[in-house]
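Those letters in the sequence shown? Residues 339 to 1012, per the working numbering, in order.
Glycine residues also receive a C-beta, built at the ideal position from the N, C-alpha and C atoms.
On a predicted model such as this, the values are computed, not experimentally measured, just so you know.
So the structure is just underneath, and the comments pick up after that.
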Amino acid sequence: MPVPAVLRSRVPLLLLLSVLALAACKREETVPQAAAAAPKPAAMADTDEHSYAQPDKVVIDDLALDLKLDFDARTVAGTATYTLQWKDPAATELVLDARDLAIEQVEGEANGAWQPLKFALADKDPVLGSKLTIETPARNAKVRVTYRSSPEASGLQWLTPEMTEGKQLPFMFSQSQQIHARSWVPLQDTPQVRYTYSAHVTTRPDVMVLMSADNDPNAVRDGDYSFRMPQRIPSYLMAIAAGDLVFKPISARSGVWAEPAMVDKAVAEFADTEKMIATTEQLYGPYRWERYDLLVLPPSFPYGGMENPRLSFITPTVIVGDKSLVSLIAHELAHSWSGNLVTFSSAKHGWLNEGVTSYVENRIVEALYGKDVSDMEYVIARNGLKKSIGDMPVATQALAVKPGTKLDADDALSAVAYDKGAWFLQFLEERFGRQAFDAFLRGYFDHFAFQSITTETFLGYAKQNLFDKYPGKVTDAEIQEWVYGPGIPASAPQVLSPRFGIVDSARLGWRGSKQLPPAAITSTWTTQEWLHFLEGMPETLPVAELEQLDQAYHFTGTANGEIAMRWYPLAIRSGYAQANDAAAAFVERIGRRKLIMPVYSALVQTEPGLALAKDAFAKARPGYHPITTASVEKLIAEAKPAPAPKVAPAPAVDEDGADADTATPEQGGDAPVN
Ligand code: BES
Ligand code: ZN
């Protein structure tokens, strides 16, 4: 792969790094390490373009919620009481983020009594929501807002009983990342502010409520629940869920919350969770959040997982019966170190959360399931990155987004943050050696525990504790290229997957001879091998060949969403109409964006496909989360379909059996991924 031109000047890096290292080192002397100590300022000043909050003036120190969940009205209503720390002696306003909230009253505590305060809720900005400005001439230590969320709150989904597994009780859940917490609690909705919280939540007595807090595995279901989160968290980690939820333990400190019909399957699938916690602790220091539980959501959950502290939210689509997709659990658990403990100070530094986490995830997978498995996962991720990065605007190909670059908060984290980020850390591991690099990362998590930091703070710390400690291992130019440059650096380590080599041979053999590989080979394949088998196919295949594959492997109608998201687009592009009904059923049943968007994208390429997409979306829409609805709506609105499906010509096959039209030459196996 050609080395992309580096955009930024490399000269000032050394200077910048020395200043930052000095700043980081100074802070270490003065900042106490205790979790509930006074809030710490972000290590480097950083503007968060996605928040109206002014954390340099005042910060929330503690939040106390008293809320009622009303399933009929689809609202969260009650009070949010903030204990404040005033930073700027001249500040007389508290500015909060809100979105579609009805603000009923605002009061400030003065001399033990609550007095009304003046406030203004500005017009709604489509991305940021509304600025809530509260006049606080007395610089009150406590402020209380009485509010009600909208039934259309972007951060909540309300499900009718029919949309649940058990069909008996309604369900609701939050998804606050990136900037949706403000749609159910008025907050300083920026990761630069961390606070402790408590909550008293009431609802109908037959429903269990859980939060990103100290959930009690033995809680009695009575509609009246209290929570405390004694560790400081940023607002995007505020979470709540309610429904017919029961608990089953995995170990003394971990277990699964799920609907009754799902809980046993989930406990079996996620049985290795305790081993994952213990492995990560060995590598990176103690798990600092007490319990680690998993909440299995209905299939409409728009993401794979969400690292809500003490209670990761998990899609049911990874429960496939053979533990082959549990790297998702490793990922969400890893966020307990990278993200929840050491947090990006704004989404511009997304890789600090997702890249470091994807690296840690891979280490957990390697430790538990072996290097051949973790290598397959790296190859799949990196092939995806290489496919997408070239089409991205140059600015978003860099790990760290330069100030002033506009991003949509829901799209801010691309494969660059995840996979280029993990690749950068693997590069550092390779250069400095595993022992030194593990010690560095462990020290990093300790040093910045419960703080929100920028890329530059990371680099300053790395300079002092890695680059300068072991000189001559990396150059400034290499670091500069990894962090601020586009594309994939030439110094990227190569990953070879021998297991994918077998898959490549099987695919190529079939493409050349139409002979399927012997069952003795494919019967041992896990999800990853099937994904690689499909990803190496050309853009389109003749219908007869798709029929042959389908008869042998039953891809159409598969219960494995990762296979489905690769098979249906191939089938649709190739005009294999037999798969249409199953593809439509798939996008109607599942709301996880990553799995269904490729299917919709393939459909909207042609007129008949677009009609199918619109029809499926109309049926699915009432069950979709607002985030998924917005993505599908946009795709359909912007579609430019061709009149009819492209029917695949018989593809040219090279002499060695390789497809001439296969998009990426490096499908793993014996070929390096970079
Ligand atoms: N924190 C993310 C989910 C997220 C990111 C929500 C950005 C909103 C904005 C979570 O940890 C995550 O990365 N989930 C992945 C799974 C993972 C295995 C790559 C997902 O949902 O696909
Ligand atoms: Zn993540």
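Check                                                                                                                                                                        : Outcome
Do you know offhand how far E704's Cα is from K613's?                                                                                                                        : 12 Å
State whether the region 477 to 485 contacts the region 435 to 445, with contact taken as three or more CB pairs (one from each stretch) at a distance under 8 Å.            : yes
Considering only the beta carbon of each residue, do I854 and L879 sit closer than 8 Å?                                                                                      : Per the sequence shown, residue 854 should be read as Leu rather than Ile. Going by C-beta atoms, L854 is not nearer than 8 Å to L879.
Measure the C-alpha to C-alpha separation of R904 and E447 and round it to an integer number of angstroms.                                                                   : 57 Å
Using 8 Å as the threshold, is the C-beta distance between F565 and A551 below it?                                                                                           : yes
Apply the 10 Å Cβ neighbour rule to P529 and answer buried if 16 or more other Cβ atoms are within range, or exposed otherwise.                                              : buried
Looking at L804: is its Cβ nearer than 8 Å to the Cβ of F778?                                                                                                                : yes
By the three-class DSSP mapping on this structure, what secondary structure does V483 have?                                                                                  : strand
Is it true that the CB of L679 sits closer than 8 Å to the CB of F783?                                                                                                       : yes
Going by beta-carbon coordinates alone, are S638 and A577 separated by less than 8 Å?                                                                                        : no
Output the distance between the C-alpha atoms of A988 and Q943, rounded to the nearest integer angstrom.                                                                     : Because A988 sits at a pLDDT of 48, beneath the cut-off of 50, its placement in the model cannot be relied upon, and the point is left open.
Is G643 near the ligand BES, with its Cβ less than 7 Å from a heavy atom?                                                                                                    : yes
May I have the straight-line CA-CA distance separating S662 from Q866, to the nearest angstrom?                                                                              : 8 Å
For A980, which residues in the same chain have their Cβ closer than 8 Å to its Cβ, ignoring the five residues on either side in sequence?                                   : Q943, T944 and E945
Report the rounded CA-to-CA distance for L632 versus F651, giving the unit in angstroms.                                                                                     : 6 Å
Is Q516 close to the ligand BES? I mean its beta-carbon at under 7 Å from any heavy atom of the ligand.                                                                      : yes
So what's A949 in DSSP terms, helix, strand or just coil?                                                                                                                    : helix
Tell me which same chain residues have a C-beta within less than 6 Å of the C-beta of H673, skipping the five on either side of it?                                          : E645 and T695
In angstroms, rounded to a whole number, what distance separates the CA positions of A882 and G659?                                                                          : 31 Å
If M961 and G929 are in contact, beta carbons under 8 Å, what's the gap, nearest whole angstrom?                                                                             : One point to set straight first is that residue 961 is Gly, not Met, in the sequence displayed. That belief holds up - the Cβ atoms of G961 and G929 are roughly 7 Å apart, short of 8 Å.
Quick check on the burial criterion: 16 or more other C-beta atoms within 10 angstroms. Buried or exposed for E971?                                                          : exposed
Which residue marks the beginning of the alpha helix (DSSP H) containing K469, and which one marks its end?                                                                  : Not the alpha helix (DSSP H): K469 falls in the beta strand (DSSP E), residues S468 to E473.
Measuring only from the beta carbon, is H687 closer than 7 Å to any heavy atom that is part of the ligand ZN?                                                                : no
Near D776, which residues of its chain fall below 7 Å by C-beta distance, leaving aside the five closest residues on each side in sequence?                                  : L621
Taking all protein chains shown into account, do 16 or more other C-beta atoms lie within 10 angstroms of the C-beta of K505, making it buried, or fewer, making it exposed? : exposed
Ordered along the chain, which non-local residues of its own chain (more than five positions away) have a Cβ less than 7 Å from that of Y716?                                : N700 and V833
What is the rounded straight-line gap between the Cα of Y630 and the Cα of R648?                                                                                             : 5 Å
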